[in-house]
Each structure stands twice: as C-alpha cells, then as structure tokens.
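Engineer: If you're matching them up, the sequences are chains S and L in order. With our numbering applied, the first sequence corresponds to residues 85 to 340, in that order. With our numbering applied, the second sequence corresponds to residues 85 to 340, in that order.
There are 2 protein chains.
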Amino acid sequence: MTRAVDRASQILLALASGTPRLGVSEISELVDVPKPTVFTMLRTLERRGLVVQEAEGGKYALGPAVLQLGNAFLDGSELRARSASWSDMLARQAGEAVWVAVLSGPNIVVVHHTLRPDDLVQILEVGAAVPWHACALGRALVASTPDETQDTLLAAPLRRLTGKTVVDPNALRQELAEVRARGYAVENEEATLGDAGIAAPVFDWSGRVVGALGIVGPVDRLLAEGRQGRLTDAVRSTARALSRDLGAGRATPGAE
Amino acid sequence: MTRAVDRASQILLALASGTPRLGVSEISELVDVPKPTVFTMLRTLERRGLVVQEAEGGKYALGPAVLQLGNAFLDGSELRARSASWSDMLARQAGEAVWVAVLSGPNIVVVHHTLRPDDLVQILEVGAAVPWHACALGRALVASTPDETQDTLLAAPLRRLTGKTVVDPNALRQELAEVRARGYAVENEEATLGDAGIAAPVFDWSGRVVGALGIVGPVDRLLAEGRQGRLTDAVRSTARALSRDLGAGRATPGAE
DNA sequence: TGCTACCGTTTCGTTCAGCCGAATGGAAGT
DNA sequence: ACTTCCATTCGGCTGAACGAAACGGTAGCA
Numbered sequence: 085m086t087r088a089v090d091r092a093s094q095i096l097l098a099l100a101s102g103t104p105r106l107g108v109s110e111i112s113e114l115v116d117v118p119k120p121t122v123f124t125m126l127r128t129l130e131r132r133g134l135v136v137q138e139a140e141g142g143k144y145a146l147g148p149a150v151l152q153l154g155n156a157f158l159d160g161s162e163l164r165a166r167s168a169s170w171s172d173m174l175a176r177q178a179g180e181a182v183w184v185a186v187l188s189g190p191n192i193v194v195v196h197h198t199l200r201p202d203d204l205v206q207i208l209e210v211g212a213a214v215p216w217h218a219c220a221l222g223r224a225l226v227a228s229t230p231d232e233t234q235d236t237l238l239a240a241p242l243r244r245l246t247g248k249t250v251v252d253p254n255a256l257r258q259e260l261a262e263v264r265a266r267g268y269a270v271e272n273e274e275a276t277l278g279d280a281g282i283a284a285p286v287f288d289w290s291g292r293v294v295g296a297l298g299i300v301g302p303v304d305r306l307l308a309e310g311r312q313g314r315l316t317d318a319v320r321s322t323a324r325a326l327s328r329d330l331g332a333g334r335a336t337p338g339a340e
Numbered sequence: 085m086t087r088a089v090d091r092a093s094q095i096l097l098a099l100a101s102g103t104p105r106l107g108v109s110e111i112s113e114l115v116d117v118p119k120p121t122v123f124t125m126l127r128t129l130e131r132r133g134l135v136v137q138e139a140e141g142g143k144y145a146l147g148p149a150v151l152q153l154g155n156a157f158l159d160g161s162e163l164r165a166r167s168a169s170w171s172d173m174l175a176r177q178a179g180e181a182v183w184v185a186v187l188s189g190p191n192i193v194v195v196h197h198t199l200r201p202d203d204l205v206q207i208l209e210v211g212a213a214v215p216w217h218a219c220a221l222g223r224a225l226v227a228s229t230p231d232e233t234q235d236t237l238l239a240a241p242l243r244r245l246t247g248k249t250v251v252d253p254n255a256l257r258q259e260l261a262e263v264r265a266r267g268y269a270v271e272n273e274e275a276t277l278g279d280a281g282i283a284a285p286v287f288d289w290s291g292r293v294v295g296a297l298g299i300v301g302p303v304d305r306l307l308a309e310g311r312q313g314r315l316t317d318a319v320r321s322t323a324r325a326l327s328r329d330l331g332a333g334r335a336t337p338g339a340e
C-alpha cells in the first residue's frame, strides 16, 4: 500500500462525498491529513485535471478528467453493455424504470438506466449512488457476496434516508439471509418516500455476483396486490437471462 | 508535486485511454514505471474502489468509484446545471443535438447533451471525449484560452481522426485566431465522417472561458446553404445567454 | 478603520515510505 | 517438457513525503 496514493484517493473521494467545493483546511479535517500535505497533493491532482481550483487562493473541486475516468469505466463495463437490451425489454414489459447497478464501497452505483416507457420527464440516473442497505438493488447484490464482505458492510455506519430505512445490522443480516434464500429483494420507501424497488442479483461466468438488476418506481404501482408477484417474476427472469448472457451457469445461486 | 500521486494519476488515466483492461506489465510500459511500483499502486487504488482486478493474477480495470467521481463532477458543474434549459431551447430551435463541453487535457469532454428533438435512436454522449483540435467545440473553447494554454496544446501530438482532420500546428493557430475574431467555430467532417459542428465559447463571471456550446449533426443539414448562417446565429446567441447566466458581463470576448 | 481569525501557501529539516532490482512461483504457449 | 513472460514478493537504500511553523492575504466584525 502506497500511503501517499491512498491519501490522495481519500481526497478525491472526499470531494465526491456531497459538497462539490472544499477548501484545503476542510479537506485536511475530513481526511485527517496536514494542510501542506493536502495542498501538495491537490496541486499534483490538478496537474492531471483530476481536480481544479475555482480561483486563485480559492476552493477545490473535482476536475473534468474524473468524468473521463467515469465514462471509461462505463465503456469498459461488460455488465452495462450486455444489460441494455434485457433492461429495455423489462422496462417495456413492466412499464417501469429499470436500473442496473454495481457495488462501490458502501453504495451501489447505477451503471445502466432504462427510462420508464412513457413520455413523462425523467432524470437519467447513471452514476447515481445509493447506500446499499437502503435499496433493493443493494440488498440483492450484497446478499450474494461472501460473508466477509457482508460483515464489513454491516460493521460500517449505516445511514437512515427515510423514516422507514432499516439500519439495525442484525435485522439487515436476517433480511440478507432471506433475500439470498428467495433470490430477490423488495424495498418499500427506504431510499425515497413514495418509491419502492424490486431487484435480483446478476452473476458472471465464475459464479460471482457482479451486480443487480431491478425496477424502481412509485410504491402504489410496484407493490400493488396482484402486480408485485408478476413484476418480481419478470425481474428475476431478466436478471437470470442477463447472468446467462454474462456466462453464468444454470446452477448459479438465485438462478434456479 | 507528489511524485507517487502523479504516477498513480497517470495509471488511472492510462486505464481510461482506450483499452479497458491492462496488465501490470502493460501499464508499467505505458507510464514508464517499474512493475513492483505499478503493482503496489494498483493495490492501493483497488482498496478505494478506483481500480478492480478482473480475477486473481489477472488484468486491471477502472473500478466503480471512478463512476462516482465522474457523477459528482457533473453534479457539481454549474456550467452543466445552467446549460440544460438553454441547450434544450436551442435543440428545439435548431432541430439538432446540442452538446456542452469543457476542456480536459488535450480533449474536450461533454458535460451536457440535449438529444435531437426527433424519435430516432440516439446515444447520450455525456462523458465522451474528443480531441480539441478535431471539433468545433474544442476550437471555440481553446480559441478563447490564454496564449500559453494554446501553445501547450499545439505543442502536443495532434491525432488525425478522419482524412479531413487538420493537424498542422501553424494552420490550427491561424484557425484559432480566426475563430477568436469571429466568435464561433465550424468543423466539417474532422471528427466524424458525415458529421459537422458549429460551436461558440462560454464565459463565466470572471471573463474566463469555461466551456463551449454547440450543435453536432449531419454535414448536409448543418452546413446547407442558407441554413448554416441561421444555425450559427442561434448557437452564438445561446452561448451568450448561457454566459450571462453564469455571470459574464456584456463586454466578454465573443459576447458582443 | 482597525483588529482578529483563519484561510491557502511557503519553507525547510527530518525520517521512513517509496522505490525498484532481483528473484520467485505460476500459467500460457509451443 | 520446455520456454517465455506474467504477477507478485522481498529487502536494502535514499530522497521524496511529511508536517510544524511561519507568512501574506482576506473576510468578518465591532
């Protein structure tokens, strides 16, 4: 581990963590590194366009080169490439928005988003991050990770996003076991009031979970009696098809 | 300048430069750093999710955390936030796709893309990078940068994308002077065969150029006689309005 | 207007982390 | 079975990373 590189990584992630512009002193406090060290690293990151300084003597922000990194990540994502057609099909079938996401630290981050097939204004959420424990995508994904990954994620502080967000590690651990057993996750207003989610894990050729696919939309539509079951089946079979597309075998967990 | 951090930045940018998966030896050659050093830095970047290793002993790729950085950059971009409505208006007016871009090293990178207002299938290009010299957006932007920035960009190797791409530094320098004088750039099949672009620079409150806004589309539509002039006027007045929205004064270069 | 607090930035001496050549074990290719 | 080249490990050396102290400047306040 290169200490300087790890610190610089933390600086970049601090700049991505909510407040878009931070001063040297603020960053120094957030990442617990002395100001001259932060200053030198910011100058170095600025050199490659990963960070920009607003004005002479002013605050720092992420620079355009990180957008290029993000885009290159998406371009190189086989999960994203292969999910487009399955996701489009599910959106038409379900009449709802479909997201495909991967795990990134304590969050899931959306790598593909098919808009709900209607003419209403929607925001493309590719790149959006949501805490794993507060959404169906996150639970579906994490439920299929190794126990030590789950232990790590459950040991970290869990943020409450709405009054309904479950943040008790024991309750979540039990929920993950249930999700794993039945092969899909359902979330009801834990990430956003008024919205629910249904998601299933996606596996690759080696049998490992590489992401999750799911629908997200208004709770009164998604969880309506008689409709939830059909949506769940549609989500699961689409996730299964996507897994197969990625080389997963028939015996993959959740793919029975 | 922190040497280790600069090297790690180069490793990240190498992973974004075209081939999505690279081995330790390949990266070592690309960035001219010994393999054990590359290895240790990759492990450090992996720790924060900026890089992932495909399989044990395998190749490395950018990780999901860079997508979060890219998204955070977009979320924090005032240029992007303020350009959305102006860009939508111009797209309706011109009947073409509208891009807003910033400079990132030798490329421009798209921060906002309004789709052409028709029902044909289009790909959202946010995050896409194009060499500055090969597109109208890049020329419009660079023409308004300080001389030393232009000198730096013209000194670097310039890639030819089509048979029509101008790569002679002297010819480009003259073109930049002309772009600056008239306040907009036009590009004809230099980035993509069949496509042309018209763009104008965007300024902020301090009078500095912060981006460019332009339309991109089929050359026979954009550069049609009688139409090019009207499109140019529409692009320039939209860029001017966006600049005003960002606090630029009336006397800003290109804003007469 | 003057003072205080805190900012970003600079300086410079210290020390240990970053560095990398050499070596290793393993896998791919022939 | 052998060769080649991969990713990874090891360990000694030195200069880069580090950070306390200080500086110049600005914002905020009385």
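For glycine and all other residues, C-beta sits at the position ideal for the given N, C-alpha and C.
(1) Would you mind working out which of 194/L, 258/L, 203/L, 285/L sits nearest residue 328/L, comparing C-alpha positions?
(2) Would you mind stating whether residue 199/S and residue 322/S have Cβ atoms separated by less than 7 Å?
(3) Under the DSSP definition of a beta bridge, which residues are partnered with residue 192/L?
(4) For residue 111/L, does the three-state DSSP call read helix, strand or coil?
(5) What does the Cβ neighbour count give for residue 125/L, buried or exposed, with the cut at 16 atoms within 10 Å?
(6) Which term fits residue 100/S, buried or exposed, when burial requires 16 or more other beta carbons within 10 angstroms of its beta carbon?
(7) Give me the residue from 251/L, 109/L, 208/L with the minimum Cα distance to residue 237/L.
(8) Just the Cα atoms here: how many angstroms apart are residue 325/S and residue 333/S?
(9) Just to confirm my understanding: we take residue 194/S, look at its own chain, exclude 5 residues before and 5 after, and list those with CB closer than 6 Å. What are they?
(10) Mind checking the segment 152-179 of chain L against chain S and listing, in chain order, the residues whose C-beta falls within less than 7 Å of any C-beta there?
(11) At 4 residues or longer, and completely inside the segment 244-309 of chain S: list those alpha helix (DSSP H) runs for me, N to C.
(12) Would you mind working out which of 154/S, 232/S, 260/S, 205/S sits nearest residue 217/S, comparing C-alpha positions?
(13) Check whether the Cβ atoms of residue 227/S and residue 264/S sit closer than 7 Å, and answer yes or no.
(14) Compile a chain-ordered list of the residues in the segment 110-132 of chain L whose CB is closer than 7 Å to at least one CB of chain S.
(15) Heavy atom of the ligand COA less than 6 Å from the Cβ of residue 213/L, yes or no?
(16) Taking residue 297/L as the reference, give the member of 320/L, 85/L, 304/L with the closest Cα.
(17) May I ask you to list the residues that DSSP assigns as paired with residue 137/S?
(18) Let me see if you follow: with CB-CB separation under 7 Å, is residue 211/S close to chain L or not?
(19) Taking 7 Å as the threshold (C-beta atoms), are residue 150/L and residue 134/L in contact?
(20) According to DSSP, which residues form a beta bridge with residue 182/L?
(21) Along chain L, which residues have their Cβ under 8 Å away from the Cβ of residue 188/S?
(22) In this structure, does DSSP put residue 106/S in helix, strand or coil?
(23) Does residue 96/L have its Cβ less than 7 Å from a Cβ in chain S?
(24) If you measure between the beta carbons of residue 215/L and residue 243/L, is that distance less than 7 Å?
(25) Helix or strand or just coil, what does DSSP make of residue 117/S?
(26) Does DSSP put residue 207/S in a helix, in a strand, or in coil?
(27) Does the distance from the CB of residue 301/S to the CB of residue 220/S come in under 7 Å?
(28) Using 7 Å as the limit for Cβ to Cβ distance, is residue 93/L near chain S?
(29) Please list, in chain order, the chain L residues whose beta carbon lies closer than 7 Å to that of residue 88/S.
(30) For residue 108/S, decide whether its Cβ has a neighbour in chain L, counting only Cβ atoms nearer than 7 Å.
(31) For residue 312/L and residue 269/L, what's the separation of their Cα atoms in angstroms?
(32) Which bits of chain L does residue 184/S rub up against, with CB to CB less than 9 Å?
(33) With DSSP run on the structure shown, which of helix, strand or coil describes residue 99/S?
(34) Using CA coordinates, which residue listed in 152/L, 86/L, 106/L is at the minimum distance from residue 95/L?
(35) Please state whether DSSP places residue 236/L in a helix, a strand or coil.
Structural biologist: Working from what's here:
(1) Comparing Cα-Cα distances from residue 328/L to each of 194/L, 258/L, 203/L, 285/L, the minimum goes to 285/L.
(2) no
(3) 187/L, 214/L
(4) The answer is helix: DSSP assigns residue 111/L an H, G or I state.
(5) buried
(6) buried
(7) 251/L
(8) 11 Å
(9) 183, 185, 209, 210, 212
(10) In summary, the residues of the segment 152-179 of chain L whose CB is separated from some CB of chain S by less than 7 Å are 152, 153, 154, 155, 156, 157, 158, 159, 160, in the order they occur in the chain.
(11) 253-266, 303-306
(12) 260/S
(13) Cβ distance < 7 Å, so residue 227/S and residue 264/S count as in contact.
(14) 124, 125, 127, 128, 129, 131, 132
(15) Questions concerning the ligand COA fall outside what the structure shown contains, since it holds no ligand whatsoever.
(16) 320/L
(17) 144/S
(18) Among the residues facing chain L, residue 211/S is included, as its CB has a counterpart in that chain under 7 Å away.
(19) A contact, by the Cβ cut-off of 7 Å.
(20) 198/L, 299/L
(21) Chain L residues near residue 188/S: 133, 147, 148, 149, 151, 152.
(22) Shown here, residue 106/S sits in a strand according to DSSP, grouped into three states.
(23) yes
(24) Taking a C-beta distance under 7 Å as the contact criterion, residue 215/L and residue 243/L qualify as a contact pair.
(25) Three-state result, residue 117/S: coil.
(26) coil
(27) no
(28) yes
(29) Residues of chain L with a Cβ closer than 7 Å to the Cβ of residue 88/S are, in chain order, 86, 88, 89.
(30) Answer no: the Cβ-Cβ gap between residue 108/S and chain L never drops below 7 Å.
(31) 12 Å
(32) Ordered by position in chain L, no residue passes the 9 Å Cβ test against residue 184/S, which lies about 12 Å from the chain.
(33) helix
(34) Out of 152/L, 86/L, 106/L, 106/L has the C-alpha closest to the C-alpha of residue 95/L.
(35) Helix at residue 236/L.
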